[in-house]
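Chain order of the listed sequences is U, E, P and Y. Mapped onto our numbering, the consecutive letters of the first sequence carry residue numbers 1 to 451. Mapped onto our numbering, the consecutive letters of the second sequence carry residue numbers 1 to 451. Mapped onto our numbering, the consecutive letters of the third sequence carry residue numbers 1 to 451. Mapped onto our numbering, the consecutive letters of the fourth sequence carry residue numbers 1 to 451. The block underneath contains the structure these notes are about, expressed in C-alpha cells.
Number of protein chains: 4
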Amino acid sequence: MPISLSSHGSHAAVAADGHALLDRYRAVRATSVALAAPLSPEDAMVQSMPDASPAKWHLAHTTWFFERFVLAQRPDHRAIDPAWDTLFNSYYNSVGPMHPRPQRGLLSRPELAQVLDYRTRVDASIEALLQAGDGDDALLQRIVLGTHHEQQHQELLLTDIKHALWCNPLRPGYRDDLPTRAGLSVPLRWSSTDEHLAEIGAATWPAAADFAFDNESPRHRTLVPAHALASRPVSNAEFRAFIDDGGYRNHDLWLSDGWATVAAQGWSRPLYWDDGLEREFTLGGMRDIDPHAPVCHLSYFEANAFARWAGARLPSEMEWEAQAAGKPVGGNLLADCRLDDRRPDNGKHEGYFLDECALHPQGSMDAFAPLQQLFGDVWEWTSSAYSPYPGFRPMPGALGEYNGKFMSGQWVLRGGSCATPRRHVRASYRNFFHPPDRWQFSGLRLAKDLP
Amino acid sequence: MPISLSSHGSHAAVAADGHALLDRYRAVRATSVALAAPLSPEDAMVQSMPDASPAKWHLAHTTWFFERFVLAQRPDHRAIDPAWDTLFNSYYNSVGPMHPRPQRGLLSRPELAQVLDYRTRVDASIEALLQAGDGDDALLQRIVLGTHHEQQHQELLLTDIKHALWCNPLRPGYRDDLPTRAGLSVPLRWSSTDEHLAEIGAATWPAAADFAFDNESPRHRTLVPAHALASRPVSNAEFRAFIDDGGYRNHDLWLSDGWATVAAQGWSRPLYWDDGLEREFTLGGMRDIDPHAPVCHLSYFEANAFARWAGARLPSEMEWEAQAAGKPVGGNLLADCRLDDRRPDNGKHEGYFLDECALHPQGSMDAFAPLQQLFGDVWEWTSSAYSPYPGFRPMPGALGEYNGKFMSGQWVLRGGSCATPRRHVRASYRNFFHPPDRWQFSGLRLAKDLP
Amino acid sequence: MPISLSSHGSHAAVAADGHALLDRYRAVRATSVALAAPLSPEDAMVQSMPDASPAKWHLAHTTWFFERFVLAQRPDHRAIDPAWDTLFNSYYNSVGPMHPRPQRGLLSRPELAQVLDYRTRVDASIEALLQAGDGDDALLQRIVLGTHHEQQHQELLLTDIKHALWCNPLRPGYRDDLPTRAGLSVPLRWSSTDEHLAEIGAATWPAAADFAFDNESPRHRTLVPAHALASRPVSNAEFRAFIDDGGYRNHDLWLSDGWATVAAQGWSRPLYWDDGLEREFTLGGMRDIDPHAPVCHLSYFEANAFARWAGARLPSEMEWEAQAAGKPVGGNLLADCRLDDRRPDNGKHEGYFLDECALHPQGSMDAFAPLQQLFGDVWEWTSSAYSPYPGFRPMPGALGEYNGKFMSGQWVLRGGSCATPRRHVRASYRNFFHPPDRWQFSGLRLAKDLP
Amino acid sequence: MPISLSSHGSHAAVAADGHALLDRYRAVRATSVALAAPLSPEDAMVQSMPDASPAKWHLAHTTWFFERFVLAQRPDHRAIDPAWDTLFNSYYNSVGPMHPRPQRGLLSRPELAQVLDYRTRVDASIEALLQAGDGDDALLQRIVLGTHHEQQHQELLLTDIKHALWCNPLRPGYRDDLPTRAGLSVPLRWSSTDEHLAEIGAATWPAAADFAFDNESPRHRTLVPAHALASRPVSNAEFRAFIDDGGYRNHDLWLSDGWATVAAQGWSRPLYWDDGLEREFTLGGMRDIDPHAPVCHLSYFEANAFARWAGARLPSEMEWEAQAAGKPVGGNLLADCRLDDRRPDNGKHEGYFLDECALHPQGSMDAFAPLQQLFGDVWEWTSSAYSPYPGFRPMPGALGEYNGKFMSGQWVLRGGSCATPRRHVRASYRNFFHPPDRWQFSGLRLAKDLP
C-alpha cells in the first residue's frame, strides 16, 4: 500500500520540503488546540446530533489518524492505548471496528486532558520522525494528508460546537470576543461567459507536487456552457424577501424531497435565525442579522428553492471552478495559526496564536468588484451531484475510503467559509453534504443560462 | 398555461396527426386494460410498499390524467366523480390535495369494475374530442403527453404487481403462459470511443414535432471522454461469480450508503433470487435462473459494487446516449397492442391484442453483435445523478411538476426493459430511481476509462 | 395435550350436547358468512393498520383454527393446502411460522371465493365428525372453543372493516339498511355497594360444564371496596361537554402516556367524530351524533381523563362483575343467526339469517332503570390492568397461547358491545386492549369511592 | 394549594421535628454530593439513553425542586437563574415548559461547578428557613417531600451513571474501592401463608406523621390468597441454569410483548453480563459473577419468564407487603451519610461521610433465615401492574403530578436495592418501571399458589 501511494512521488522533492512540512504540521496541530481552548471539558463532549461530533472526539480522531496511518506503519510502534483504536476510528472499515457514530457523545473517558496529552505524545513522535528525516515518501505523504484531514475537522469542530451550543436553551456563545462588522449594500451584477472547453480539477497528488484530495482529480477537460455568474453570494436581505414572499409555503419552488423536508421539519427560515427574523445565533452568541451579509446555514433544498424564486439557478461546480480558477485564495476564512516570537510561552504550543477572525459571514466592503467572495464567508451550494470525475481513482488501501465511497446522494459545495482554514481551500476543492444539511456555513451564489 | 404550452407548436402539424393520435390513444389505452386482464379485483388492489401502487390505481390515475388535464380544461366539463380528484392525483400539488401515497392499497372503493367503467367514459369523451377535431393544440399536446404518461404507468403496473405477488408466500405468477427461451453464452467485448464533442438530448417538445419529456431537453453539446462500453449487459452468471467471490460481504466494493443498506436490509443476492441462487421469481412464477440472461432487479448500489469488483465502472448517461444515438429501438420490450380485424370482438377494446412478449430479460441469441441489447431486457444504471440539462425548462403549470421536481437523490437509467412499451423508449429517454430501488427491471452494462 | 385438556371433562356430558354443539357450530359459522356478505372481494382485503385484519383473513383464520386444532389432530387428515398453515396462523408460535401480521392485507390469493370454499370444506368435515359422534372429549372441547374463538373474530371483523372503510375518503358505509333510533335523555344515578367479599370469575372449563375462557378462571374470592357505580354509560352529550371544557387540552386530566399520545396523534375528539363534532362515521356511513347514546371509540386514556374531569373514576373489573353477576345478558348486541324454515334457500348456509341489529350504540329507552346497558352498546373500560387471576392456569399446549401471553400492558373492558354476539358475552367475560386503542366499540361507565 | 396540603397536618408535630428535619436535609443533600464526587465533569454529563439523566442534571433538578416548590412559594424569592426553571423541570406540566428529556445530555452549561454552587446557595436558604422556624406546615412538608424526592434521584444517579459508563467500550468503573464479598450457597425454602384479610399501604401523609408517597395510600384492606413466598431472591446460578436450558429461546415461557422484545433487542442474558456469562459490569468495573448473589438487571419480561420456567410465579405486591410488614428495614442498601466530628473539614459538606457500602447485590451469609433479603440487594418485580389503591388521591397542585400520572403500563417493584438509601425505603414503598426496563438493580423472588 505505501509503495503504490508513493510510486509516482519524488523522494527529493518531499525531502526538500521536510522543514516546510514540519512547520505546517506544527501550525495545523496548534490551530486545533487553539480552537478548542474556549471550551470547557463539558462543552467538548456534547454531540447534538449523529451527524456532528464532540470537539474532544475531533481532537482525538485527528491524532489517531497520525498514529494509525503514520506511526503504526513502523514496526517498532506500540499503540498508545489499543482500545482507543476503536473509539477514534471514524469510518475506515479496513482498519477495524468503530464505536457507533451516534454514541460519540457518551465517551466521558478518556477525559479532555487525556486527549490533549495524547496529542502531545503523538506530536512528539511525528515531529521526531520529521526532524530525523527517516520517513520514506509514503509516510511523509501520509503526514501531508493528515494535516489536510485535520483542517477539515477544524471546520467541523466549529460547526459542530455551534450546533451543540445552540441546542442549549441558554444559547451560550463559543467566544464573546469575536469582531463584528456590518457590510455595505452591494448591488448584484452578472459575470458572463461564452460556451468553452475548460480544464478543471487538480493534477493527481502525490504524483503532482501540490496537494489535492483524490476527488479533485484527475484534471480533465469539460465543456462549460454559456452562462452568467452572480458577482456575490445571496444576502440575508434577499433571503428575507424570499421568506416574506411566502417562499417556504410555495411548493412550486421546491424539489419534491425538499418540500417533504420543509413539512417534516417545520422549516420557515434559515437554521439559526430566531422566529422574529431579526436575530440569529452565531459563534459569538445571539446577534442582529446583518442584511448585507451572505445568508448562511441553508440546505441545498433552500438554496435551490431560492434560486428558482429568483428566476435563476445554482451554478454547476464546473462553472464555478472555471470562473474561480487562477484567482487568489483570500477573504473571510479561518485565520492562520502563526508563530510569534514576541508572545509569551503558552505551554504545549508555545508561540502559536490564531490571527483574529470573524467566524461568521460578513458583507462585502467593496461595492464594485465584479466577482467577489468566491472564497470564504459561506460555502456555495452548486447544482452538481457529488460524483467521480472521469478517470477518478481513489487512494489505495484504507485511505481510499476517504472520499470516493460517499459519492451518492450528496451535492458539491465550493469556495470555503468563514470557518475554513485559509491554507486548506483552493479553486478545485470539492466539499459535499446531503441536501437537507444546514449546520455547515452554507449559502449560495446565483447563476443563469445565457442563450 | 395552455397558451404557453402550445406557443411554439404548429396547429397544422398536430391537426395532420389527428388520426395518428386517435390510433395511438386507442392502442395505449387498450394496452393498459390488457395488462390488467389477468388480475382479479383483489390482485388489482395490493400495494406492497409505499413506492408501489395497486394496479387499479394505475388504471384510474392514468384516466384521471386525461380527465383532469384535458377534459376539465373545457368549460362544459362535469367531473365524473369530484371525490376521485383527490383519490387519483399522484403528486400534482398545484391541482389540489392528494390521498396519501402509502394508503392507495386501502381503496376498496371505487371497485375495479367502476374504474374500468371510468376508463370507458373518459375514453368516449377523448375519442369524441379527437374525432370532432375541435381541440386546440394545447389540448392535443396534453393528449399526446397523457399517452406517454400512461405508458410509463404500464411498466409500473407490471413491476408493482410483480412485487405484490412476490410478497405472497404462495408466490403466484401473474400469467402462466409467458414464453421462455434460454440465451447463448456471449463473450463480453468492448466498444471504444475517443474523446469527442457530442450532441445529446432531444429537441424541446412541442416546439419540435417528436415527443420527448422535458427532462430530455434541450439538446446540447457535451464532451464525451475516451471510454469503452461493454457489448452487452452483465449476465446472471457473471453476477453469480460476484456473489460467490464474497461481493456482498466486502465493504471495499461498496459506496458508504450502499454498505449501510446491505447491512440494514440483509441483502445477499438480487431481489427476486431465492436463497439457493438457482431460481428466481418472475411474472410467470418461480423459474430456473438462465445464466446467460442479463442480471436484473439490482439497486444502483449493487450495480456500482459489481462494476468496481469487475475492475470497471458504470457508463455516464452521456456515454450511453452517444453510443445509442441513431440505433433503431428494438429488442425484448413490451410488445405492441394492435388492432386485428380477424380477432373476435372482446368487448370494450374490441379487436386489440397484445403481441406475444416475454416480460422477463432474455439472453442474447447473437454471439457476435458489437453492441447489443441497448434497448429492452433491463434498464441500465448509469453513473449519472439525475440532474437538469443545461438550459432545462420544466413544462409550464401543473405539468411542470412532472419531472423536474424529482431531480435530487436519484440516478439515471437508460434503454428500457422487457416491461417498457416498445413505442415509449428512445435513445434520449431518461428514467430515474433512488439508489436502493430494486423492484424495477434494472441491471447494468459496464464501461471503462481509456487513457 | 388433548388428554390433559379433557382430563376433567365428562364424556357423557359432552356427548349429550352433541346436537346442541352441531347447532351452535352451524349458527356461528353462518353468522361469519352473513357478516361478510355485504363486502366486495376488494373490501374483504383491506387492512388499514397492523392491529386490524382483512375480513377475508378473519374468515380464513377462524376456519384454519378448526382445521389445525381439530381436523389435523386426526391421523387421516390431509391438509387442504399446507401453505395456508402459515398464512392463517395468527400468533401460535407452537404450531409453526406465521405470515407477518402487518402484511395480511397483501394476500390477494387465495381469493375470497377460495376462502369461502375452504370454509365449506372444513364445515363439511367438522359437521360429519359431530354427526358421527366419533370425536373424543378433547376434540369436542376444541370445537366448542373454536366457536367462541370465531365469535371473537366476528366482532373484530366488524370493527376492522369499520376502520378500513373510514380510511377511504369516500367514507362508504358497510350497510345502508341499518336501523337507527334516538335515545332518551336519561339522568345519571348511582348504585352503591358496601365493602364485601365477593366471588368473581368463572369455574374452570372444561372441568365445569359452562364454557369460559381460561383468563376468566379460577373463580375466587375478592374484597370489593365500598363504591358506587353509575346507572348507565357516559353519553355523547356528556363527552361533548368534556371537549367543550377543554378536556383534550388540560394535562391535569391525563395520564402521562395519555398526554403524550394526545400530542403525538393530535387527538381532539373520539375516533370517528368529524371535526364539527356533530356527525360521526358508523357502519351505516356518516350520521348525526345522538347526544343520548353512549359515547364510543374512546381509548383508555380518554376514558380515564373523562372520569377524572367528572370527579369520578373508572370501576375496577371486580366492582363491575360483582354488580353484573346474575343479571341476564341482553341489550344492544350482535343479533343471533337463526334457522328459519320459512326462508328460501340461500346456498351454503340455507335457512340461516341474522336478526335485525343496529351495529351502533344506542341511547336507552328507559329513564328509570337503576343499572342498565351493562351488556351491549359499548365495551366499558375498567381501571384494572389485564393480569392473571390468583391460581390462573393457561390452557395446555398451543391453545395456552390464547390469552395468558397477552397479560402485559393492556386494560380490561367489560360487558360487550353492539358488535358482540349475544351468545358470546357473560358477566365474567374479560376483554382487553392497549390503552391507546380506539377502534373497538369502547366507552365507559363511571364509578366513585364511598367513604 | 399549600393550604390543602397541610390541612390535616399538625403544626405542633412538624415544629417539634424542626431540628430533625434540618439534620435530615443536611444528610440527604450531602449524600448526593458525595455520590457525585467520583465523577469528572464529563462523566457527570453523559446521558446514555432517554430514560436516564446525567448526574449533573440529577444534582440540579433535586435542587430546583427545593427552589421551585419551597423557596419560590415565598413572596420575596428571586430566582437564582430564571432560565434554569425550564432546564431542570422534569415533568411538572403545571409549572411551565420543560427541556426535552432526551436532550439533557446536551447541557454543557451550566457547568458542574455552577450546579454545585447552585446547590450551596439553595441549601443556605433552606437551612436558614429551617433554622428561623418561619416556614408554615405546608412549606415544611414540601421540604420533607423534597428530601424523599432527592433520595429517589440518588438511586437513579447511580443506575444512570452505571449505564453511562457501561456504554463506553473502555468499561470504566465508577469507583475502584468498593468492597466485595462472596455469598454462601443458600437453599431455597418457601414461606407459606393461608388466605387472609390484610391491611396494606401507608396512612395518608401528611395527615399521618410518617412520610409516605401518595401512591402508598390509603391504607386499606385486601384479601391475600393462600400462597408461598421464596426465602430469598433468585440467584445468578439459578438464572444461569435458565439460560443454559434455552430460556431465552423458548417462546412458551414469555409474554407476547416480552418475546417480541427479546427478538428486537437480541437479549440472551442479563443487561450487564458479558457474552461468556462469567463476568459482569458493576459500579466497580468488570468483575466475576458471584453465583450465589441475587441475579440483577432483569426486565419484568425476564423475571416473568424465569418464574414460569421455574414452575412458579411472581408474588403480587400485596403478598409481598403482607409478609414484609413489620420486619425491620436493613440489609445491603445505600449506606447513610453521617456527621463525624473526627473527620477533617471537606468543604461544603464538612463532616459528612458515606458509610461503606457495596453498591452491588451480594449473596446471603445466612443459610437458615426463613425470609431474607426482602430489603436491599435487588428490587423485586411483582406481578402487580402499577395502579391506584382504592380511594387513592394524588397530592394537590403541581405535586400531584408526582406519582399518579404514571399509573399505566408499568409494574410494581418492592424492597429496595443496594443503591436505595437506607432511610428511604419501607414495607409499603412502591417502585415502578416499564416491563422492558433493565438498568435498575432489579431482580426477583419467586412465589407460588397454594391450593
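Virtual Cβ for every residue (Gly too), placed ideally from N, Cα, C.
Relative to the alpha-carbon of residue i, which residue among the options has its alpha-carbon at the smallest distance?
i: residue 427 of chain Y; options: Y:325, Y:311 and Y:228; result: Y:325
i: residue 205 of chain U; options: U:42, U:55 and U:392; result: U:392
i: residue 156 of chain P; options: P:408, P:418 and P:327; result: P:418
i: residue 228 of chain P; options: P:329, P:191 and P:267; result: P:191
i: residue 449 of chain E; options: E:314, E:62 and E:182; result: E:314
i: residue 409 of chain U; options: E:40, E:101, E:257 and E:136; result: E:257
i: residue 291 of chain Y; options: Y:182, Y:231, Y:65 and Y:208; result: Y:182
i: residue 193 of chain Y; options: Y:243, Y:22, Y:321 and Y:58; result: Y:321
i: residue 274 of chain Y; options: Y:200, Y:116, Y:301 and Y:171; result: Y:171
Would residue i be called buried (16 or more neighbouring beta carbons within 10 Å of its own) or exposed?
i: residue 395 of chain P; result: buried
i: residue 312 of chain Y; result: buried
i: residue 19 of chain Y; result: exposed
i: residue 360 of chain E; result: buried
i: residue 162 of chain E; result: buried
i: residue 432 of chain P; result: buried
i: residue 77 of chain P; result: exposed
i: residue 54 of chain P; result: buried
i: residue 26 of chain Y; result: buried
i: residue 154 of chain Y; result: buried
Please state whether the Cβ-Cβ distance between residue i and residue j is less than 8 angstroms.
i: residue 339 of chain E; j: residue 438 of chain E; result: no
i: residue 280 of chain E; j: residue 384 of chain E; result: no
i: residue 390 of chain P; j: residue 225 of chain Y; result: yes
i: residue 184 of chain Y; j: residue 363 of chain Y; result: yes
i: residue 97 of chain P; j: residue 50 of chain P; result: no
i: residue 31 of chain Y; j: residue 337 of chain Y; result: yes
i: residue 144 of chain Y; j: residue 63 of chain Y; result: no
i: residue 173 of chain Y; j: residue 283 of chain Y; result: yes
How close, in whole Å, do the beta carbons of residue i and residue j come, if the pair is a contact with beta carbons under 8 angstroms?
i: residue 404 of chain P; j: residue 214 of chain P; result: 7 angstroms
i: residue 270 of chain Y; j: residue 234 of chain Y; result: Incorrect: roughly 11 angstroms between the Cβ atoms, too far for contact.
i: residue 463 of chain P; j: residue 380 of chain P; result: Only positions 1 to 451 of chain P appear in the structure, and residue 463 of chain P is not among them; the question remains open.
i: residue 169 of chain Y; j: residue 87 of chain U; result: 7 angstroms
Got a sec: does the ligand ZN put a non-hydrogen atom nearer than 7 angstroms to the Cβ of residue i?
i: residue 36 of chain E; result: Because no ligand of any kind appears in the structure shown, any question about the ligand ZN cannot be addressed here.
So what does residue i bridge to, in DSSP terms?
i: residue 443 of chain E; result: E:380
i: residue 273 of chain Y; result: Y:280
i: residue 338 of chain E; result: E:353
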